[in-house]
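See structure below.
Protein chains: 2
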Amino acid sequence: MAATSRADIRKCTDADILGDMQDPLRPTDTYLDGAMLERHAALACELIRRYWESLETRQVSSEIKPGDVYRSMPDTAPDIGLGGASFEESLRIIERDFLPALTHWQSPRFFAFFPANISTPAVIGELLSAGIGVQGMLWATSPACTEVEMRVTDWLASMIGLPESFHSTSRHGGGVIQGTASEAILAMLHAARHRARKRIGTPKSHLTSYASTQAHSSFIKAAMISGFASHPEDFEHVRLVENDDRHAMSAARLRELMLADAAQGRIPCFVCATLGTTSSGASDELESIADACDECARLTGVRPWIHVDAAWLGSAFILPEMRASLRGVERVDSFAFNPHKWMLVNFDCDCLFVQDRESLTDSMSVTPEYLRNAATESGDVTDYRDWHVPLGRRFRALKLWLVIRHFGVRGLQEYIRRHIEFACEFEALVRADPRFEVPCERSASLVCFALKQGDAASKSLIERVNTRRNIMLTQTVLPATTKSAKKFVLRMAVGAALTRREDVLRAWDEIRTCADEIQPNC
Amino acid sequence: MAATSRADIRKCTDADILGDMQDPLRPTDTYLDGAMLERHAALACELIRRYWESLETRQVSSEIKPGDVYRSMPDTAPDIGLGGASFEESLRIIERDFLPALTHWQSPRFFAFFPANISTPAVIGELLSAGIGVQGMLWATSPACTEVEMRVTDWLASMIGLPESFHSTSRHGGGVIQGTASEAILAMLHAARHRARKRIGTPKSHLTSYASTQAHSSFIKAAMISGFASHPEDFEHVRLVENDDRHAMSAARLRELMLADAAQGRIPCFVCATLGTTSSGASDELESIADACDECARLTGVRPWIHVDAAWLGSAFILPEMRASLRGVERVDSFAFNPHKWMLVNFDCDCLFVQDRESLTDSMSVTPEYLRNAATESGDVTDYRDWHVPLGRRFRALKLWLVIRHFGVRGLQEYIRRHIEFACEFEALVRADPRFEVPCERSASLVCFALKQGDAASKSLIERVNTRRNIMLTQTVLPATTKSAKKFVLRMAVGAALTRREDVLRAWDEIRTCADEIQPNC
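So the protein sequences, as listed, match chains W and G.
So the mapping is simple: my numbering equals the position in the first sequence, first residue as 1, plus 144.
So the mapping is simple: my numbering equals the position in the second sequence, first residue as 1, plus 144.
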């Protein structure tokens, strides 16, 4: 181990370096030690296996108090490395201190938020990607990293029924893996602004963007980061379009807003449509939105960029019978969904497909001298760094490729179908209990439900359910419609890889039991 | 395997579901199969081990032609899953078709760009994170994921000599893991704008941001995405400050530009300083920049946010003797560096430290009903989703924790020191050859050098070197100074985990041989 008192190497001169150099004390094998990797991976997989097996009996969330984990760790980093021999101790700390302080997203009884699926081949894919350790920012910095991603996103585009114009083999389209749906929305909003400006040299102060009140909060976050809004309530350049009775965007209202903006000299440049909102799973009508955009374009000369955020529901489109809401998708500019939510690929893996890749890459590209290379200059290759915010990127296509090969299209279809069936059954159970209501249509594997007694009772119910920690749900507030006031509801989102029918039935028992406790007289 | 002709499940009614349901044909064990994980991880680790061992003899980059890998893969995804039995075939495809089509960032003779280090404990950390599969977007969605990250970033802040005010235990500071330095710059530029606007209600059209001409291209990219610039040459709200003779930002020129902007009613709100530029490793002077910002603040009432991008060089600050350029860091608002570049943590892991976390979280926070929870509302917890663009986040702190425990502070110091020593020796060798020059100071492990014969000769040299593929270098153009014209140079960036002294000596032999070939008469 080198002493910290070693001479200040910044002052080294030619003479003393050459005299002083020797092979390092620590062999480089220590850094990439294949034998240790095999031993430690085996131990790590044993831990993961125990963890997976324990999920059946663990409470879904933790009773840990803020600061407990932080305080359990030493104040300072170890000065002397603990080395490979300490690895079993590291695993003990993980198992003893960290695992009990998690919310168990892979629990068979996790029905909160949306699922964040993992699977055996996906975990192996992440391991391989980490072990190979390449950077795919440019084609030239790892050709296979780029081309496997192009191929696998083309596969996916076909699997979910997107037209050929979204494939990398088309004249202007292609797919790319982004980290999250949030990043995809930001990239698309930026590309939309860029295209609009380029078309008619519009000053940015006149550009406006649109999404429904039910769009994910990442739309507003993207609007703030990109400079369209100063804060969440800044509606100078952002319009939140009212919902219709299905809690989807009212295309009629979108049309009105866009035409009114256009009449005032504003240029609508971006519409974020949602297929499967986070609250209730509602889907906006792409055809009507595209019609409104076409009409707007005739007034302004700029066709608004339509981005489809199908973060969660997109995986369901591998079922042909689920594609009704895709009608009109050939008229949108971009489409993103997260295999890391509901297609057995672990986070992060958002797949974005565009029909106009030039507008995207043109909006992002900055090429300093140190990134120049012959392949890029030939124009024959895809450089994914220009498709998103980050420069560096890892080999995420590997996990997607392994998952698709392992399960096949039919295996993934079956996986999704089962969850939808479970949600069907759950919905039927809720509807059969006179205390409960299902105030909006089930969407795929998402069921929103409430106690008829009202919001206060529903709030008590979810609090009780989640405090018992046998299952986990989250809540939302459904917006008002012409037919109903806004309503607090519980969300039952089926989709964890380990969830079986019995877990869904148990969830319903748990919910009923809690309802019994808070409503003893019903 | 379910047939695709199964009844359309969207039409299921309460009656037929309840009658029809049965336990799934495919047991859920298939999705999270611990025994298969162990078997496949062992095979995957054997592949990784073989790959690591092969790096000694592989050419650093690939001769593959654009499209070759894409065409080697089937046109469509497999309809029927190949299952676990196909895994060995998947590994064969990786080994036969993908690995030879990579640029080998982990090669001991990779001296291009900056390093992208991996290490055994980091790969294991990525495996564990993938296998545990939690989402750390909120404290409540996995407390340990957040608190381990807080602790480990606090460790790191101490390790690289940042003051206590950047620790999570301070009143207003804290650290967070971001994906990349690009994302950190974007987040900081956005937070800076937000803070400036909030302070004096400034319209955004008057805000300006600054970096040196030598700042990373991600500054311009962030300026475009955030709306400060329409394209890379749009200098309405962005100023690229000229460099001084060391290729660092001229603080005098920064001061002039900011004061001139202030005099015209503009509000300078953001300065991106660089410690260790990508071209030549130059470091901007934080004290002088902070002085200029203080002076500007006296005129405008808004102190510009100073962000330090130390993406590559930051790791070197674990050496006390390397901290001269950190002087004044207590006066900056944020500081980011990438352990994924040069601290043995595999990509992605950028660590960002701020002194004013409220401005950051306030600029990002949008809280829809479905993300509300008691812990957030108590104000007692850190919700990292408000610290960056993405919402979801994986348990990246695990790999950082395992690396620090394994190597310890001293082991990491030694790692960095060795690379600096190698670069010292390389520099001496270059200087000793009369055909070559070292036109700017070596920075840590980065040496820029050129043929005295001029740019054309240096270009021929790097082309020849990289075509032989025994080592890999990248190039840059050093900007003009008062003493020298701009110059095309080769960059020798030492830092791969497997690099030994003999690899550096071999690199020099290779470069000399190529120089002999292109300059036979010298």
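Backbone N, C-alpha and C define an ideal beta-carbon position, used for all residues, glycine too.
#1: Name the chain G residues whose beta carbon is nearer than 7 Å to that of N490 (chain W)?
#2: When we look at the beta-carbon of L169 (chain G) and count the other beta-carbons within 10 Å, is it buried (16 or more) or exposed?
#3: On a Cα-Cα basis, can you pick out the residue from G:V415, G:C289, G:M616, G:S356 that is closest to H391 (chain G)?
#4: Which residues in chain G sit within 8 Å of P483 (chain W), going by Cβ to Cβ distance?
#5: With a Cβ-Cβ cutoff of 8 Å, do V621 (chain G) and A274 (chain W) count as a contact?
#6: Which of helix, strand or coil does DSSP assign to A373 (chain W)?
#7: Is the beta carbon of P287 (chain W) closer than 8 Å to that of V213 (chain G)?
#8: For the region 241-264 of chain G, list every residue whose C-beta sits within 9 Å of some C-beta in chain W, in sequence order.
#9: Identify each residue in the region 457-476 of chain W for which the Cβ-Cβ distance to at least one residue of chain G is less than 9 Å, and report them in chain order.
#10: In three-state terms, what does DSSP make of A147 (chain W)?
#11: Between which residues of its own chain and K717 (chain W) is the CB-CB distance below 7 Å, once the five residues before and five after are set aside?
#12: How many whole angstroms separate the CB atoms of Q250 (chain W) and L496 (chain G), which I take to be in contact at a CB cut-off of 8 Å?
#13: So, do the region 444-451 of chain G and the region 405-421 of chain G have three or more beta carbon pairs nearer to each other than 8 Å?
#14: For C592 (chain G), which beta-bridge partners are listed by DSSP?
#15: Can we count L306 (chain W) as close to the ligand GDP, meaning its CB is less than 7 Å from some heavy atom?
#16: Straight-line CA distance for R613 (chain W) to E207 (chain W)?
#17: By the 9 Å beta-carbon criterion, what residues does the region 212-226 of chain W contribute toward chain G?
#18: Using the beta-carbon count (16 or more within 10 Å), is D167 (chain G) buried or exposed?
#19: According to the Cβ coordinates, are S309 (chain G) and Q499 (chain G) closer than 8 Å?
#20: From F363 (chain G) to S602 (chain W), what distance separates their C-alpha atoms?
#21: Just to make sure I have the definition right: I need the residues of chain G whose C-beta is within less than 8 Å of the C-beta of C289 (chain W). Which are they?
#22: To the nearest angstrom, how far is the alpha carbon of R586 (chain W) from that of L535 (chain G)?
#23: Express the C-alpha separation of E429 (chain G) and Q85 (chain G) in angstroms, rounding to a whole number.
#24: Distance cutoff 8 Å, beta carbons only. Does D167 (chain W) sit that close to anything in chain G?
#25: Please report the Cβ distance between Q358 (chain W) and A426 (chain W), rounded to the nearest whole angstrom; I am assuming they are in contact, meaning their Cβ atoms lie under 8 Å.
#26: So the alpha helix (DSSP H) Y559 (chain G) belongs to, where does it begin and stop?
#27: Determine which residues of the region 184-207 of chain W have a Cβ less than 9 Å from any Cβ of chain G, and write them out in chain order.
#28: Taking 6 Å as the limit between beta carbons, can you name the residues of its chain near T643 (chain W), skipping five residues before and five after?
#29: With DSSP as the reference, please indicate the residues paired to Q322 (chain G) in a beta bridge.
#30: Helix, strand or coil for C413 (chain W)? Go by DSSP, reduced to three states.
#31: Write down the C-beta distance between N490 (chain W) and K543 (chain W) rounded to the nearest angstrom, noting that I regard them as a contact closer than 8 Å.
#32: I need the straight-line Cα distance from A572 (chain G) to E465 (chain G), nearest angstrom please.
#33: With 16 other CB atoms within 10 Å as the buried threshold, where does C156 (chain G) fall?
#34: So for T526 (chain W), helix, strand or coil by DSSP?
#35: If you drop the 5 nearest sequence neighbours on each side, which residues of the same chain put their C-beta closer than 6 Å to that of Q203 (chain G)?
#36: Pick helix, strand or coil for I450 (chain G), following the three-state DSSP scheme.
The answer reads as follows:
#1: A274, G277, listed in chain order.
#2: Residue placement at L169 (chain G) is poorly supported in this model, since its pLDDT is 39, which falls under 50; the coordinates are not used for a value here.
#3: G:S356
#4: Residues of chain G passing the Cβ test: none, with the nearest at roughly 12 Å.
#5: no
#6: coil
#7: yes
#8: D241, F242, L243, P244, A245, L246, T247, H248, W249, Q250, P252, A256, F257, A260, N261, I262, S263, T264
#9: L463, P464, E465, M466, A468
#10: Any reading at A147 (chain W) needs caution, since the residue's pLDDT is 36, under 50, leaving its predicted position unreliable; the model's value is listed next. Here A147 (chain W) sits in coil by DSSP.
#11: Since the first residue shown for chain W is 145 and the last is 666, residue 717 (chain W) is missing from the structure and cannot be characterised.
#12: About 28 Å separates the two Cβ atoms, so there is no contact after all.
#13: yes
#14: G:R635
#15: Among the components of this structure there are no ligands whatsoever, and the ligand GDP is therefore not found.
#16: 9 Å
#17: D212, V213, Y214, R215, S216, M217, P218, D219, T220, A221, P222, D223, I224, G225, L226
#18: Since pLDDT at D167 (chain G) reaches only 39, below the 50 mark, its modelled position is unreliable, and no value is offered.
#19: yes
#20: One C-alpha to the other measures close to 48 Å.
#21: L246
#22: 25 Å
#23: This structure cannot speak to residue 85 (chain G), because chain G is shown only from 145 to 666.
#24: With a pLDDT of only 39 at D167 (chain W), under the threshold of 50, the placement of this residue in the model should not be trusted, and no figure is reported.
#25: 6 Å
#26: Per DSSP, the unbroken alpha helix (DSSP H) holding Y559 (chain G) starts and ends at 541-576.
#27: Per Cβ criterion, the list reads H184, A185, A186, L187, A188, C189, E190, L191, I192, R193, R194, Y195, W196, E197, L199, S205, S206.
#28: Taken in chain order, the residues that qualify are P252.
#29: G:D494
#30: strand
#31: 7 Å
#32: 21 Å
#33: With a pLDDT of only 43 at C156 (chain G), under 50, the local geometry of the prediction cannot be trusted, and no value is derived from it.
#34: coil
#35: R613
#36: strand
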